[in-house]
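Enquirer: Those sequence lines, one after another, are chains A, B, C and D.
First residue of the first sequence: 2, per our numbering; consecutive thereafter.
First residue of the second sequence: 2, per our numbering; consecutive thereafter.
First residue of the third sequence: 2, per our numbering; consecutive thereafter.
First residue of the fourth sequence: 2, per our numbering; consecutive thereafter.
Every residue gets a Cβ at the ideal spot worked out from N, C-alpha and C, and that includes glycine.
In this text, all values refer to a predicted model and were calculated from it rather than measured experimentally.
The structure that follows is given in the form of structure tokens.
Protein chains: 4
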Amino acid sequence: MKKNISQGDNVLLYLNPRRTYLVKMEKGKSLHTHRGYVQYDSLIGKPYGTCITSNTGTEFIALAPALRDYIFKAQRNTQILYPKDIALIVMFSGIGPGSKVVEAGTGAGALTTALAYYVRPRGKVYSYEIRQEFIQNAEKNLEKANLAKYVTIKNGDVTVAIDETNVDAVILDLATPWLVVPQACSALKGGGAIVSFSPTIDQVIKMVEALKANGFADVQTIECLMRGMQIELGKTRPETLMTAHTGYITFARKSAGK
Amino acid sequence: MKKNISQGDNVLLYLNPRRTYLVKMEKGKSLHTHRGYVQYDSLIGKPYGTCITSNTGTEFIALAPALRDYIFKAQRNTQILYPKDIALIVMFSGIGPGSKVVEAGTGAGALTTALAYYVRPRGKVYSYEIRQEFIQNAEKNLEKANLAKYVTIKNGDVTVAIDETNVDAVILDLATPWLVVPQACSALKGGGAIVSFSPTIDQVIKMVEALKANGFADVQTIECLMRGMQIELGKTRPETLMTAHTGYITFARKSAGK
Amino acid sequence: MKKNISQGDNVLLYLNPRRTYLVKMEKGKSLHTHRGYVQYDSLIGKPYGTCITSNTGTEFIALAPALRDYIFKAQRNTQILYPKDIALIVMFSGIGPGSKVVEAGTGAGALTTALAYYVRPRGKVYSYEIRQEFIQNAEKNLEKANLAKYVTIKNGDVTVAIDETNVDAVILDLATPWLVVPQACSALKGGGAIVSFSPTIDQVIKMVEALKANGFADVQTIECLMRGMQIELGKTRPETLMTAHTGYITFARKSAGK
Amino acid sequence: MKKNISQGDNVLLYLNPRRTYLVKMEKGKSLHTHRGYVQYDSLIGKPYGTCITSNTGTEFIALAPALRDYIFKAQRNTQILYPKDIALIVMFSGIGPGSKVVEAGTGAGALTTALAYYVRPRGKVYSYEIRQEFIQNAEKNLEKANLAKYVTIKNGDVTVAIDETNVDAVILDLATPWLVVPQACSALKGGGAIVSFSPTIDQVIKMVEALKANGFADVQTIECLMRGMQIELGKTRPETLMTAHTGYITFARKSAGK
Numbered sequence: 002m003k004k005n006i007s008q009g010d011n012v013l014l015y016l017n018p019r020r021t022y023l024v025k026m027e028k029g030k031s032l033h034t035h036r037g038y039v040q041y042d043s044l045i046g047k048p049y050g051t052c053i054t055s056n057t058g059t060e061f062i063a064l065a066p067a068l069r070d071y072i073f074k075a076q077r078n079t080q081i082l083y084p085k086d087i088a089l090i091v092m093f094s095g096i097g098p099g100s101k102v103v104e105a106g107t108g109a110g111a112l113t114t115a116l117a118y119y120v121r122p123r124g125k126v127y128s129y130e131i132r133q134e135f136i137q138n139a140e141k142n143l144e145k146a147n148l149a150k151y152v153t154i155k156n157g158d159v160t161v162a163i164d165e166t167n168v169d170a171v172i173l174d175l176a177t178p179w180l181v182v183p184q185a186c187s188a189l190k191g192g193g194a195i196v197s198f199s200p201t202i203d204q205v206i207k208m209v210e211a212l213k214a215n216g217f218a219d220v221q222t223i224e225c226l227m228r229g230m231q232i233e234l235g236k237t238r239p240e241t242l243m244t245a246h247t248g249y250i251t252f253a254r255k256s257a258g259k
Numbered sequence: 002m003k004k005n006i007s008q009g010d011n012v013l014l015y016l017n018p019r020r021t022y023l024v025k026m027e028k029g030k031s032l033h034t035h036r037g038y039v040q041y042d043s044l045i046g047k048p049y050g051t052c053i054t055s056n057t058g059t060e061f062i063a064l065a066p067a068l069r070d071y072i073f074k075a076q077r078n079t080q081i082l083y084p085k086d087i088a089l090i091v092m093f094s095g096i097g098p099g100s101k102v103v104e105a106g107t108g109a110g111a112l113t114t115a116l117a118y119y120v121r122p123r124g125k126v127y128s129y130e131i132r133q134e135f136i137q138n139a140e141k142n143l144e145k146a147n148l149a150k151y152v153t154i155k156n157g158d159v160t161v162a163i164d165e166t167n168v169d170a171v172i173l174d175l176a177t178p179w180l181v182v183p184q185a186c187s188a189l190k191g192g193g194a195i196v197s198f199s200p201t202i203d204q205v206i207k208m209v210e211a212l213k214a215n216g217f218a219d220v221q222t223i224e225c226l227m228r229g230m231q232i233e234l235g236k237t238r239p240e241t242l243m244t245a246h247t248g249y250i251t252f253a254r255k256s257a258g259k
Numbered sequence: 002m003k004k005n006i007s008q009g010d011n012v013l014l015y016l017n018p019r020r021t022y023l024v025k026m027e028k029g030k031s032l033h034t035h036r037g038y039v040q041y042d043s044l045i046g047k048p049y050g051t052c053i054t055s056n057t058g059t060e061f062i063a064l065a066p067a068l069r070d071y072i073f074k075a076q077r078n079t080q081i082l083y084p085k086d087i088a089l090i091v092m093f094s095g096i097g098p099g100s101k102v103v104e105a106g107t108g109a110g111a112l113t114t115a116l117a118y119y120v121r122p123r124g125k126v127y128s129y130e131i132r133q134e135f136i137q138n139a140e141k142n143l144e145k146a147n148l149a150k151y152v153t154i155k156n157g158d159v160t161v162a163i164d165e166t167n168v169d170a171v172i173l174d175l176a177t178p179w180l181v182v183p184q185a186c187s188a189l190k191g192g193g194a195i196v197s198f199s200p201t202i203d204q205v206i207k208m209v210e211a212l213k214a215n216g217f218a219d220v221q222t223i224e225c226l227m228r229g230m231q232i233e234l235g236k237t238r239p240e241t242l243m244t245a246h247t248g249y250i251t252f253a254r255k256s257a258g259k
Numbered sequence: 002m003k004k005n006i007s008q009g010d011n012v013l014l015y016l017n018p019r020r021t022y023l024v025k026m027e028k029g030k031s032l033h034t035h036r037g038y039v040q041y042d043s044l045i046g047k048p049y050g051t052c053i054t055s056n057t058g059t060e061f062i063a064l065a066p067a068l069r070d071y072i073f074k075a076q077r078n079t080q081i082l083y084p085k086d087i088a089l090i091v092m093f094s095g096i097g098p099g100s101k102v103v104e105a106g107t108g109a110g111a112l113t114t115a116l117a118y119y120v121r122p123r124g125k126v127y128s129y130e131i132r133q134e135f136i137q138n139a140e141k142n143l144e145k146a147n148l149a150k151y152v153t154i155k156n157g158d159v160t161v162a163i164d165e166t167n168v169d170a171v172i173l174d175l176a177t178p179w180l181v182v183p184q185a186c187s188a189l190k191g192g193g194a195i196v197s198f199s200p201t202i203d204q205v206i207k208m209v210e211a212l213k214a215n216g217f218a219d220v221q222t223i224e225c226l227m228r229g230m231q232i233e234l235g236k237t238r239p240e241t242l243m244t245a246h247t248g249y250i251t252f253a254r255k256s257a258g259k
């Protein structure tokens, strides 16, 4: 992370937890909100974290966007994964700097963005998307996050073939992940990780059966629930309305035979 | 991840989800279990993922250890964080390749291991531990995971001082995190992340007050619950006994003032 | 429950889980909805459970209202307790037929309705409400559910005095329940139950301290989370949005001393 | 509830939340525990709630057993339902004083005990159990709770026939509840409630399909999670280990046709 804001930087203008704006610093331009406008010229050169006051007197904080900001602010043309689920997918798959990863489908590129972020600087993400019309949007989201160079998006169908071999992890966010298990098995190196995200229990049952039939080991399925807490002396409590179920995450590791 | 097992590699010998063994490949040596012994000579040179049969006929799978294996297999002399919580700490702090991170306390080095894993190859973790006797064990766990070079462990008290400046994130797993907030504020670059893990709600309330008093923005507290699922046609159900509460995670970002 | 619908009965006209209408059967009258109107004359004399078609061809089912229908359909001028919480309060307090119960505050009478339902036919609920303007509405809700005769609503302040003695249970849904503990202790018979519902953890901590200071035994606090499931072959999953936290329930039993 | 302890009464001797003893007061007898013995003669005639000291100086509190004590202390030869689930079954079925209820199977009689408790004094529970050897134990548990007269236990198979008609509710805790849906439909009065408890999602899917195929309305499935809280100033937190999933509860109401 850099210390000072430069021309061309993406900046997250923070008003409150529900109102944040991901904008690109361009000389002479400004952000217009219901709380007044903020001129970028008065931010360029200042350190990240600076408070700036709009013309109507409201304070905004100029933050360097974090990974989850890029995820939440991605231009969406389809349902995207939640950070809580992305976090567990990354942790349980073992994806990190240098990993070679296959992902399908690309969708809006939210998970792709996270994968690219963690495999830097020498790893690579191969992301498959069958719907041509989604690819351009995903690429734009990756470029915005400065992560496009770690990703190759392919217009292809992983239920037919995965081109890559010897990959560290295959990550699936598809309606029928069980159809991809044999292809994933060929693509993965021995001991490599397969991870699948599915909203329904019916999908999970089919996926787990396919994984076992293809000799995968250490098959586990989990659900992650994240509760927000309201912390304030005298009013501390969990939040009432909660995004509870988003999907189940299934993990397994490739067994290479005897 | 490498393709074949070599002399000197760490290998995870997998029997079932509850029985795994993290061992170092040494010629002439073997693993002895209640299900017979496995000779390492018969694994060296084979691809990861290979199935090997013990002398009594039980199958083990030889896997490349993933990050969470190193975490779970760490030698513990104190309570360690769960992977579910580590995953969210990493995601919400924005820590990734290249990050400069301060952590306290080191404890058994479980979280340190994860932080070092993600900041590779050019980032750095500065981990503070006040109890001298914990440091050697944590160093051993980091060496086992080949991550020691990304970490500097310091025998020091972060409630007194943090030496580093311009850091991307400060991660606290301490009994009294609120005492560290001013030091963390000095150490962080503008917009940098502070994250604190605490088991009790009383700690969270004090921490959130200290963060607000020190001008931190975007203060949020969450609890992560991970449910294991038993997936088997005709017997599918969430697990009965669940590790529910481990702790609350509080996040905030440094605001640098006007 | 009666078998056939009579003039004067309350009937629940069920369209779907989100659209139900609690109406009183009166000759010559009808229910008007966005899906057409239903004439009561065509229902009177028919068995409960009958399907009836509106003038526009939509089917409604005429059900005998259950306790939870009266609770959900209560005229509300304040927040009411959820059936999940009422269910646990009733179970853990031991309230049942014949119980003598003190409740405060009455509010809209939702919990009062449930308590009255279970203490029938020989028990009694004494419900205290400090806000005079709430009492009439609560009485109307109780009359609608035919349960008014099991309840005495009193315009009084339980932090000052509870008139009854030798009661089986005291149930509190108040902002400051800890102020009522000494009065509840005097009102309860030895071994009697006190139950308190509070949204915030701060209230719970004060209540538990007051209970222990007043010698109550078996003090327990729980939170009840109810997840709705979407059950449909191929689409089975927990619901996404969930009413998670409503409040904590604290139970204790009076210890009478040596 | 009575005020004073008499010869022949059941008394709950409370040591702490994990150690309670349900005993019958008999002159000249005593309870022997690892914390010394308590003589019943010194309790008879005293008020409920009395503290009594064992010969070794440990205090016990003599409480009138509540419904949940009878449930927890039931002699078990099979898995019993948890109070949290019983509470929701009772609330959502609308069972209360005067209800006519069919239950299957009886098992150890834990749910039977609760149903009998709530239908008093004029309702009735018909409880079917196919395994003759379970019936005697269940009857003993009901007698201990003084509720036997509200229950008729039948050695019969509800998948073959339910003898009763015009019942208010049918409650099923069986491995194959879907086989009982037609019989339940015949037994229920129009608008009557059917409730089924099942541990697995596979059972729930079959049950919901059977309910819809038999014309039941308002079909809902829920899961109840109860979190225990540790409340202590400075140490307040949810409990770590939690009994999470016990089973799903499915509710529906009989529609009587047009």
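1. Are the C-beta of C:Ala-185 and some C-beta of chain D separated by less than 7 angstroms?
2. Going by DSSP in three states, C:Asn-11 sits in which element: helix, strand or coil?
3. For A:Ala-67, which of B:Tyr-249, B:Gly-97, B:Asp-42 and B:Ile-53 has the nearest alpha-carbon?
4. Checking 7 angstroms against the spacing of the C-beta atoms, do D:Thr-279 and D:Asp-86 come in under that value?
5. Between the stretch 163–182 of chain C and chain A, which residues of the former have a C-beta closer than 8 angstroms to a C-beta of the latter?
6. Following the continuous alpha helix (DSSP H) through B:Val-91, name the residue where it begins and the one where it ends.
7. Measuring straight from C-alpha to C-alpha, what distance separates C:Glu-210 and C:Gln-221?
8. Residues of the stretch 119–138 of chain A in Cβ contact with chain B at a cutoff of 7 angstroms, in chain order, please.
9. So, is C:Ser-197 buried or exposed, given that buried needs 16 or more other C-beta atoms within 10 angstroms?
10. List, in chain order, every chain A residue whose beta-carbon is nearer than 9 angstroms to that of B:Lys-85.
11. Could you give the C-beta distance for A:Gly-106 and A:Asp-174, rounded to a whole number, given that I count them as a contact under 8 angstroms?
12. Using a Cβ-Cβ cut-off of less than 7 angstroms, list which residues of the stretch 42–74 of chain B approach chain A; keep chain order.
13. Which bits of chain A does C:Thr-251 rub up against, with CB to CB less than 8 angstroms?
14. Within a Cβ cutoff of 7 angstroms, which residues of the same chain sit near D:Leu-226, ignoring the five residues on either side of it in sequence?
15. Just to confirm, is the Cβ distance from B:Ser-212 to B:Ala-257 under 7 angstroms?
16. Whole angstroms is fine: what's the gap from C:Ala-149's alpha carbon to C:Ala-88's?
17. Go through the stretch 36–114 of chain C residue by residue and report every complete run of the beta strand (DSSP E) that reaches 3 residues or more, in order.
18. Taking one C-beta from the stretch 51–64 of chain D and one from the stretch 5–14 of chain D each time, how about it: are there three or more such pairs within less than 8 angstroms?
19. List, in chain order, every chain C residue whose beta-carbon is nearer than 7 angstroms to that of D:Asp-219.
20. Report the neighbours of D:Leu-234 on chain C: residues whose CB is nearer than 8 angstroms to its CB, in chain order.
21. Starting from the beta carbon of A:Ser-197, find every residue of chain B whose beta carbon is closer than 8 angstroms, and list them in chain order.
22. Compute the Euclidean distance between the alpha carbons of B:Ile-6 and B:Gly-50, then round it to the nearest angstrom.
23. Just to confirm before moving on: does the CB-CB distance between B:Asn-138 and B:Gln-76 stay below 7 angstroms?
24. Around the Cβ of C:Ser-94, are there at least 16 other Cβ atoms within 10 angstroms (buried) or fewer (exposed)?
25. From what residue to what residue does the beta strand (DSSP E) around B:Lys-207 run?
26. Less than 7 angstroms between CB atoms is the rule here; does A:Ala-257 satisfy it with respect to chain B?
27. From what residue to what residue does the alpha helix (DSSP H) around D:Leu-143 run?
28. On the three-state DSSP scale, how would you describe B:Ala-275?
29. At least one CB of chain D closer than 7 angstroms to the CB of B:Asp-158: is that the case?
30. Going by alpha carbons, who is nearest to D:Arg-36 out of D:Tyr-151, D:Thr-21, D:Lys-47 and D:Lys-207?
31. What is the rounded straight-line gap between the Cα of A:Lys-255 and the Cα of A:Asp-70?
32. Could you tell me the alpha carbon to alpha carbon distance between B:Val-205 and B:Pro-48, rounded to whole angstroms?
33. Nearest CA to the CA of D:Thr-177: which residue from D:Gly-229, D:Pro-183, D:His-33 and D:Thr-160?
Expert: Looking at the coordinates:
1. no
2. strand
3. B:Gly-97
4. Since the first residue shown for chain D is 2 and the last is 259, residue 279 of chain D is missing from the structure and cannot be characterised.
5. none
6. 84–94
7. 12 angstroms
8. Tyr-119, Arg-121 and Pro-122
9. buried
10. Ala-88, Leu-89, Met-92, Ile-223 and Cys-225
11. 6 angstroms
12. Pro-48, Tyr-49, Gly-50, Thr-51, Cys-52, Ile-62, Leu-64, Ala-65, Ala-67, Leu-68 and Arg-69
13. Result: empty, since nearest Cβ-Cβ is about 14 angstroms, beyond 8 angstroms.
14. Ala-245
15. For the record, residue 212 of chain B in the displayed sequence is Leu; it is not Ser. Their beta carbons are not under 7 angstroms apart, which means B:Leu-212 does not touch B:Ala-257 by this criterion.
16. 20 angstroms
17. 37–40, 52–54, 60–64 and 101–105
18. yes
19. Tyr-15 and Pro-18
20. Ile-206 and Glu-210
21. None at all; the shortest Cβ gap to chain B is about 12 angstroms.
22. 9 angstroms
23. yes
24. buried
25. B:Lys-207 -> not in any beta strand (DSSP E); alpha helix (DSSP H) instead, spanning 202–214.
26. yes
27. 133–145
28. The question about residue 275 of chain B has no answer here: the residues shown for chain B are numbered 2 through 259.
29. no
30. D:Thr-21
31. 33 angstroms
32. 47 angstroms
33. D:Thr-160
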